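Undergrad: Dropping a structure here in structure tokens format, bear with me for questions.
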Amino acid sequence: MASSSHAAATPETKEQLGFEPSSWGDFFIAYEPPPPKRSEEWMIARAEKLKGDVSLLFKTCNGTTTRMFLVDTLQHLGIDHHFDEQIHDLLNELLESDFSSSSSLHEVALRFRLLRENGHWVSPDVFDKYKGEDGSFRKDITNEPKGILSLYNATHLLIQGEPKLEEAMNFARQHLVSINGSLQSPLAKQVKRDIHRALPRACKRVEALQYISEYEEEEGHYQILLELAKLDFNLLQHVYLKELKDITEWWKHFSAFIDLSFIRDRLVESYTWTYVLYYEKGFELQRSITTKMIVLITTLDDTYDICATIEECRKLHEAIQRWDKTAVSLLPEYLKKLYIELLRTFKNIEVETPVNVNYDTAYLKKAIQNHVTGYLQEAEWCHTKHKPSFKNQVNVTSLTIGEPTVCLSMMASMGDTIMKIAVEWVAGVPNVVIAAGKIVRFMNDIAAFENRKSKGDVASSMECYVNEYGVTGEVAIARIYELIEDEWRTLNKARFQNHEFLPALKRIIGLALSTSLFYDNRNDVYTDSEHLHKIIKSLFIKPVLSG
Numbered sequence: 071m072a073s074s075s076h077a078a079a080t081p082e083t084k085e086q087l088g089f090e091p092s093s094w095g096d097f098f099i100a101y102e103p104p105p106p107k108r109s110e111e112w113m114i115a116r117a118e119k120l121k122g123d124v125s126l127l128f129k130t131c132n133g134t135t136t137r138m139f140l141v142d143t144l145q146h147l148g149i150d151h152h153f154d155e156q157i158h159d160l161l162n163e164l165l166e167s168d169f170s171s172s173s174s175l176h177e178v179a180l181r182f183r184l185l186r187e188n189g190h191w192v193s194p195d196v197f198d199k200y201k202g203e204d205g206s207f208r209k210d211i212t213n214e215p216k217g218i219l220s221l222y223n224a225t226h227l228l229i230q231g232e233p234k235l236e237e238a239m240n241f242a243r244q245h246l247v248s249i250n251g252s253l254q255s256p257l258a259k260q261v262k263r264d265i266h267r268a269l270p271r272a273c274k275r276v277e278a279l280q281y282i283s284e285y286e287e288e289e290g291h292y293q294i295l296l297e298l299a300k301l302d303f304n305l306l307q308h309v310y311l312k313e314l315k316d317i318t319e320w321w322k323h324f325s326a327f328i329d330l331s332f333i334r335d336r337l338v339e340s341y342t343w344t345y346v347l348y349y350e351k352g353f354e355l356q357r358s359i360t361t362k363m364i365v366l367i368t369t370l371d372d373t374y375d376i377c378a379t380i381e382e383c384r385k386l387h388e389a390i391q392r393w394d395k396t397a398v399s400l401l402p403e404y405l406k407k408l409y410i411e412l413l414r415t416f417k418n419i420e421v422e423t424p425v426n427v428n429y430d431t432a433y434l435k436k437a438i439q440n441h442v443t444g445y446l447q448e449a450e451w452c453h454t455k456h457k458p459s460f461k462n463q464v465n466v467t468s469l470t471i472g473e474p475t476v477c478l479s480m481m482a483s484m485g486d487t488i489m490k491i492a493v494e495w496v497a498g499v500p501n502v503v504i505a506a507g508k509i510v511r512f513m514n515d516i517a518a519f520e521n522r523k524s525k526g527d528v529a530s531s532m533e534c535y536v537n538e539y540g541v542t543g544e545v546a547i548a549r550i551y552e553l554i555e556d557e558w559r560t561l562n563k564a565r566f567q568n569h570e571f572l573p574a575l576k577r578i579i580g581l582a583l584s585t586s587l588f589y590d591n592r593n594d595v596y597t598d599s600e601h602l603h604k605i606i607k608s609l610f611i612k613p614v615l616s617g
């Protein structure tokens with residue numbers, strides 16, 4: 071979440087380092103959207119009617135394959151959360167169905183992807199029938215572009231030690247690249263986008279926004295799905311605008327009280343990060359908690375990174391470990407209000423959490439305490455001019471990027487039946503949290519290295535790799551991308567190994583997926599937030615036009 075490694079900086083460094091001011095300011099406090107053509111009451115009633123129509127469509131669909139394509143469309147449009155029961159039934163159908171007789175690569179690959187995404191093992195041998203006697207894929211299957219695209223996306227659910235899927239991925243990618251210029255819209259747009267970022271690695275909500283306009287162009291599309299997707303998107307915007315108003319008012323109080331001019335104002339960007347993790351209605355409290363955690367992480371990051379001396383870093387760490395008002399006496403004047411506000415934010419979260427939500431914030435406090443321990447380690451490295459090994463640097467910074475804290479805050483969205491065990495599981499920082507943290511850290515560091523954004527602090531993972539192995543930046547980037555791919559395979563494997571935690575695991579995987587928005591094209595759009603301005607307007611301000 072926070073964008074850099076940490077170290078105590080000199081006052082001179084502080085003066086040299088300036089962050090761009092927020093382009094949003096108080097915008098969402100005063101913003102009043104233009105009145106919609108239809109009342110919100112009409113939109114809600116119409117959406118409910120359409121949900122009923124889609125539920126009926128599941129019952130009248132002609133066979134499992136048709137229902138499978140329906141589920142794929144619902145997911146792509148971002149409205150699948152309204153049909154959990156129907157999707158659960160469809161997955162059971164797919165488990166019991168025999169696709170060995172199907173000649174359609176599109177069908178077989180989609181079944182493979184849907185089942186693996188939902189924690190059901192499917193052997194890569196299902197694709198052997200599309201190979202010739204020499205073991206390579208037959209040329210005739212390339213006549214089905216949708217099938218090749220479906221195969222390409224399916225292969226991104228691979229785990230370690232699956233050379234068949236690696237081969238299939240390379241085959242599909244090479245063919246998609248070769249035909250991309252000859253395809254018609256909307257398939258051409260989807261192929262171009264998936265070549266850049268395969269569907270299982272894409273930020274789901276941004277993908278849904280893009281697909282809504284493309285689905286309208288598809289031959290034989292269901293008009294009720296399109297209308298529901300547009301209505302749902304626009305109705306949810308009303309929810310987000312209210313949340314953005316409330317969280318901006320919180321930030322105004324928070325930032326004015328702590329009075330630290332050197333920290334980044336990335337409140338709207340923090341909310342956007344939270345939004346892509348869970349966008350559904352009913353998670354208003356959870357979005358508030360996670361946004362506040364990202365803001366706190368960013369504030370602490372900038373404090374350790376830009377202004378605090380090594381002694382002040384140690385004192386702030388000690389105070390946070392004590393987690394008591396009396397510890398404020400340890401701190402210099404300029405940090406006392408930050409510490410008070412940290413304690414108050416947690417106290418308010420406890421008060422705001424309904425009694426029927428069994429979420430224990432003690433785990434979240436501990437995560438923040440562990441988090442600043444990592445910050446202090448980095449500050450000590452910088453203070454002593456110690457150059458950590460690549461391995462040691464990654465072990466620390468893949469946690470200080472913020473994943474353990476954010477993952478714990480996301481567990482507040484779990485249902486009663488799983489929340490307690492999910493919180494305890496994530497609090498133990500399992501390998502899936504570490505894997506997600508490494509993906510975010512590596513993507514962050516590649517962006518910083520590419521754009522030569524350095525704060526003069528402890529070396530990034532990229533810089534450590536270049537220094538330790540004596541290679542060029544491009545060689546290091548290629549190697550880091552290989553490590554990122556390995557972490558994706560760890561996350562994919564966890565779908566089968568940790569099936570009982572699948573709802574929690576999907577949220578954690580969503581955190582890794584968010585890198586496709588925040589670090590796309592090797593840019594850090596959280597810190598350099600002007601790049602994010604257009605997409606924020608599309609997500610929260612501009613309604614999807616009905617037509």
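Residue numbers for the sequence shown follow this note's numbering, so the first one is 71 and each next one is one higher. Just so you know, even glycine gets a beta-carbon here, dropped at the ideal spot from N, CA and C. On a predicted model such as this, the values are computed, not experimentally measured, just so you know.
In chain order, what residues of the same chain lie with their CB nearer than 8 Å to the CB of Trp393, ignoring the 5 residues before and after it?
TA: Cβ neighbours of Trp393 beyond the five flanking positions: Leu413, Lys435, Gln439.
Undergrad: Assign Phe353 to one of three DSSP states: helix, strand, or coil.
TA: Residue state, collapsed to three classes: coil.
Undergrad: Within 10 angstroms of its Cβ, does Ser399 collect 16 or more other Cβ (buried), or is it exposed?
TA: By the neighbour-count definition (other C-beta atoms within 10 Å, threshold 16), Ser399 is an exposed residue.
Undergrad: Could you give the distance in angstroms between the alpha-carbon of Asp335 and the alpha-carbon of Thr134?
TA: Taken atom to atom, the span from the alpha-carbon of Asp335 to that of Thr134 is near 50 Å.
Undergrad: Does DSSP put Phe169 in a helix, in a strand, or in coil?
TA: Phe169: coil per DSSP, three-state reduction.
Undergrad: Three-state secondary structure (DSSP) at Lys455?
TA: coil
Undergrad: Only counting runs of 4 or more residues, tell me where the alpha helix (DSSP H) segments fall wholly within the region 489-577, in order along the chain.
TA: 501-520, 531-539, 543-567
Undergrad: Helix, strand or coil, according to DSSP, for Phe327 in the structure here?
TA: Helix at Phe327.
Undergrad: Would you report the Cα separation of Ser531 and Gly148, rounded to the nearest angstrom?
TA: Looking at the two C-alpha atoms, the distance is approximately 35 Å.
Undergrad: On the CB-based measure, 16 or more other CB atoms within 10 Å of its CB, does Thr80 come out buried or exposed?
TA: Its pLDDT being 41, under 50, Thr80 is placed unreliably in this model, and the coordinates cannot settle the point.
Undergrad: Contact between the region 260-280 and the region 582-591 is defined here as three or more beta-carbon pairs at a separation below 8 Å; is this criterion met?
TA: yes
Undergrad: Is Tyr281 a contact residue of the ligand PLP, with contact defined as CB to any heavy atom under 7 Å?
TA: Looking for the ligand PLP in the displayed structure turns up nothing, as the structure carries no ligands at all.
Undergrad: May I ask you to report which of helix, strand or coil DSSP gives Lys107?
TA: coil
Undergrad: Hey, how far is the Cα of Lys406 from the Cα of His453?
TA: 23 Å
Undergrad: For the region 275-289 against the region 150-166, do three or more pairs of beta-carbon atoms, one drawn from each stretch, fall closer than 8 Å, so that the two count as touching?
TA: no
Undergrad: Is Glu313 closer than 8 Å to Glu354 when the C-beta atoms are compared?
TA: yes
Undergrad: Once the 5 residues before and after Glu350 are set aside, which same chain residues still bring their CB inside 6 Å of it?
TA: So the list reads His151, once near-sequence residues are dropped.
Undergrad: Closest to Phe89 by CA distance: which of Leu609, Phe610, Asp598 is it?
TA: Asp598
Undergrad: Would you check if the distance between the CB atom of Ile471 and the CB atom of Arg522 is smaller than 8 Å?
TA: no
Undergrad: Would you list the residues sitting across from Phe207 in a DSSP beta bridge?
TA: Lys201
Undergrad: On a CA-only basis, which of Ile229, Ala238, Leu144 is nearest Lys274? Give me that one, please.
TA: Distance from the Cα of Lys274 is smallest, within the candidate group Ile229, Ala238, Leu144, for Leu144.
Undergrad: Have a look at Asn188, Asp168, Lys129, Leu583 and flag the residue whose alpha-carbon is nearest the alpha-carbon of Arg565.
TA: Asn188
Undergrad: Using the Cα positions of Pro104 and Val502, report the straight-line distance between them to the nearest angstrom.
TA: 43 Å
Undergrad: Nearest by alpha-carbon distance to Ala272: which of Met363, Val614, Leu581 is it?
TA: Its Cα nearest to that of Ala272, the residue Leu581 stands out among Met363, Val614, Leu581.
Undergrad: Let me know if Trp112 comes out buried or exposed under the rule of 16 or more other beta-carbons within 10 Å of its beta-carbon.
TA: By the neighbour-count rule (16 or more Cβ atoms within 10 Å), Trp112 is not buried but exposed.
Undergrad: Between which two residues does the alpha helix (DSSP H) containing Asp394 stretch?
TA: It is not in any alpha helix (DSSP H) - Asp394 carries neither H nor E in the DSSP assignment.
Undergrad: The alpha helix (DSSP H) with Trp191 in it runs from where to where?
TA: Looking at the DSSP string, Trp191 is not in any alpha helix (DSSP H), and its letter there is neither H nor E.
Undergrad: Under the three-state reduction of DSSP, which class applies to Leu164: helix, strand or coil?
TA: helix
Undergrad: Counting C-beta neighbours from all protein chains within 10 Å, is the total for Ser252 16 or more, i.e. buried, or is it exposed?
TA: Residue burial is scored here from C-beta neighbours: Ser252 has fewer than 16 other C-beta atoms within 10 angstroms and is therefore classed as exposed.
Undergrad: If the criterion is Cβ atoms closer than 8 Å, does the pair Leu228 and Tyr200 meet it?
TA: no
Undergrad: Starting from Leu609 and walking both ways along the alpha helix (DSSP H), at which residues does that stretch end?
TA: 603-610
Undergrad: Please return the same chain residues whose Cβ sits closer than 7 Å to the Cβ of Thr361, not counting the five positions on each side in sequence.
TA: Ile317, Ser340, Tyr341, Thr344
Undergrad: Taking buried to mean at least 16 other C-beta atoms within 10 Å of its own C-beta, is Phe460 buried or exposed?
TA: buried
Undergrad: If you follow the alpha helix (DSSP H) that Asn264 is in, where does it begin and where does it stop?
TA: Inspection of the sequence shows that residue 264 is occupied by Asp rather than by Asn. Under the DSSP assignment, Asp264 falls in the alpha helix (DSSP H) whose first and last residues are 257-266.
Undergrad: Alpha carbon to alpha carbon, what distance is there between Gln244 and Asn537?
TA: 34 Å
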